[in-house]
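Its first residue numbered 4, the sequence shown is counted upward by one per residue in the numbering used here.
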Amino acid sequence: MQNAIPTAAATPEGAHPFPHRHLTGIFGLQPWEITFLLDEAEQWVDLNRQSSKHDDRLAGLTQMNAFFEASTRTLLSFEIAGKRLGADVVNMHAAQSSVKKGETLIDTAVTLNAMRADVIVIRHQASGAVQLIADKVDCPVLNAGDGWHEHPTQALLDALTIRRRRGAFEKLRIAICGDILHSRVARSNILALTALGAEVHVIAPPTLMPPAIERLGVIPFTDFDAGLEGADVVMMLRLQNERMQGGFIPSPREYFALYGLTRERLDRAAPDALVMHPGPMNRGVEIASDIADDLERSAITEQVEMGVAVRMACLDILTRKQRGVEGWA
Ligand code: CP
Numbered sequence: 004m005q006n007a008i009p010t011a012a013a014t015p016e017g018a019h020p021f022p023h024r025h026l027t028g029i030f031g032l033q034p035w036e037i038t039f040l041l042d043e044a045e046q047w048v049d050l051n052r053q054s055s056k057h058d059d060r061l062a063g064l065t066q067m068n069a070f071f072e073a074s075t076r077t078l079l080s081f082e083i084a085g086k087r088l089g090a091d092v093v094n095m096h097a098a099q100s101s102v103k104k105g106e107t108l109i110d111t112a113v114t115l116n117a118m119r120a121d122v123i124v125i126r127h128q129a130s131g132a133v134q135l136i137a138d139k140v141d142c143p144v145l146n147a148g149d150g151w152h153e154h155p156t157q158a159l160l161d162a163l164t165i166r167r168r169r170g171a172f173e174k175l176r177i178a179i180c181g182d183i184l185h186s187r188v189a190r191s192n193i194l195a196l197t198a199l200g201a202e203v204h205v206i207a208p209p210t211l212m213p214p215a216i217e218r219l220g221v222i223p224f225t226d227f228d229a230g231l232e233g234a235d236v237v238m239m240l241r242l243q244n245e246r247m248q249g250g251f252i253p254s255p256r257e258y259f260a261l262y263g264l265t266r267e268r269l270d271r272a273a274p275d276a277l278v279m280h281p282g283p284m285n286r287g288v289e290i291a292s293d294i295a296d297d298l299e300r301s302a303i304t305e306q307v308e309m310g311v312a313v314r315m316a317c318l319d320i321l322t323r324k325q326r327g328v329e330g331w332a
């Protein structure tokens with residue numbers, strides 16, 4: 004396993020390493036800003052592997068996680084990340100909140116703000132909802148996934164996993180396969196991985212391929228085998244059934260036959276190709292269980308581990324200004 008390999012331009016002389024108040028997306032980040040976040044996350048990977056995992060730099064700050072959509076990995080890892088950094092962490096699950104009584108998104112945001120949150124983490128089913136909240140509150144806001152739009156910390160944890168396993172992005176061919184159309188993970192990963200210099204193939208049935216996707220600097224394929232050819236990393240995506248209205252695929256069985264990752268199909272990729280999936284997985288729909296569980300090839304649990312480190316880095320960096328950290332105040 005490799006550590007902290009700089010893979011994109013270093014922060015230019017005189018530039019601030021991360022001049023942003025919020026993290027609403029990868030869009031708009033410079034390659035060196037992404038690299039800075041990854042480099043900062045490395046220290047937290049090391050801390051998280053120790054028996055004592057505490058740091059107190061966020062002591063006294065209140066972190067509010069407001070989740071309007073279901074989550075296991077993102078919610079828990081943001082909660083763990085905040086607690087390991089010493090913050091007071093509270094979670095608001097929309098299903099058990101006054102959202103159920105008809106309270107609007109803006110009123111909910113204003114309410115969290117009035118309780119003097121120091122950092123707010125939001126997941127919402129509507130694209131753009133996180134930016135709307137960021138414009139209304141007095142503290143940094145982190146996007147934990149909004150609609151089809153972006154899931155920036157997922158892309159960062161994926162990039163960290165890839166960098167630690169494979170090194171420089173400039174030499175890598177990365178295939179992102181599945182429901183590209185509805186996937187915020189795909190969009191954030193495309194933006195991050197192309198910015199870092201990787202060659203990115205996107206593979207999907209025609210019904211699940213966004214029009215003009217090549218404008219994002221990727222190479223689209225509707226033939227799974229052709230898109231996998233020589234890939235160093237194969238990133239599988241879940242069918243986002245909750246965002247589909249109508250028949251995008253004939254049946255899960257037919258989808259698996261054409262676009263499911265099997266061992267035989269994986270042979271098209273590079274001999275040591277790394278298999279990734281952001282989770283949750285639909286086993287037997289987009290990925291065969293024997294591949295998902297093959298620890299020689301699959302980095303799926305490592306992605307989850309990197310999620311805590313990346314979220315610790317993001318929480319630390321975005322709260323530096325209010326903590327008066329030199330160079331950030
Ligand atoms: N990858 C991801 O966002 O998983 P959760 O929906 O469980 O948070």
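Using N, Cα and C, we set each Cβ at its ideal position, and we do this for glycine too.
Item, Value
"The region 310-320 / the region 78-85 touching (three or more Cβ pairs under 8 Å)", "yes"
"Counterpart residues of Cys180 in DSSP-defined beta bridges", "Ile206, Met239"
"Cut-off 7 Å between Cβ atoms - residues of its own chain near Ala333, not counting five sequence neighbours on either side", "There is simply no residue 333 to check, as the chain begins at 4 and stops at 332 in what is shown."
"Gln128 - DSSP class collapsed to helix/strand/coil", "coil"
"Rounded straight-line distance, which links the Cα of Arg126 to that of Asn146", "6 Å"
"Gly148: first and last residue of the uninterrupted beta strand (DSSP E) it sits in", "144-149"
"Bounding residues of the beta strand (DSSP E) (the contiguous stretch that carries Asp121)", "From DSSP, Asp121 is part of no beta strand (DSSP E); its letter is neither H nor E."
"Rounded straight-line distance, which links the Cα of Phe227 to that of Leu261", "7 Å"
"Beta-carbon spacing of His25, Leu321 below 9 Å", "yes"
"Same chain only: Cβ atoms within 7 Å of Ser80, ignoring 5 sequence neighbours per side", "Gly310, Val311, Arg314"
"Own chain, CB closer than 6 Å to Ala7, minus 5 neighbours either side, in chain order", "Because the pLDDT at Ala7 is just 44, under 50, the model does not fix this residue reliably, and the value given afterwards should be weighed accordingly. So the list reads Asp42, Glu45, once near-sequence residues are dropped."
"Rounded C-alpha distance that separates Met212 from Asp270", "24 Å"
"Alpha-carbon to alpha-carbon, Leu115 and Pro209", "42 Å"
"Three-state class that DSSP yields for Thr197 in the structure shown", "helix"
"Any 3 or more C-beta pairs closer than 8 Å across the region 286-299 and the region 250-269", "yes"
"Beta-carbon spacing of Ile37, Ala198 below 9 Å", "yes"
"Sufficient close CB pairs (3 or more, under 8 Å) joining the region 48-58 to the region 182-189", "no"
"Unbroken beta strand (DSSP E) run spanning Asp91, endpoints", "91-96"
"Nearest neighbour of Pro372, chosen from Pro22, Ile183, Thr156 [CA to CA]", "Shown here, the chain extends from 4 to 332; a query on residue 372 therefore has no answer."
"Ordered list of beta strand (DSSP E) runs contained in the region 44-78, each at least 3 residues", "65-70"
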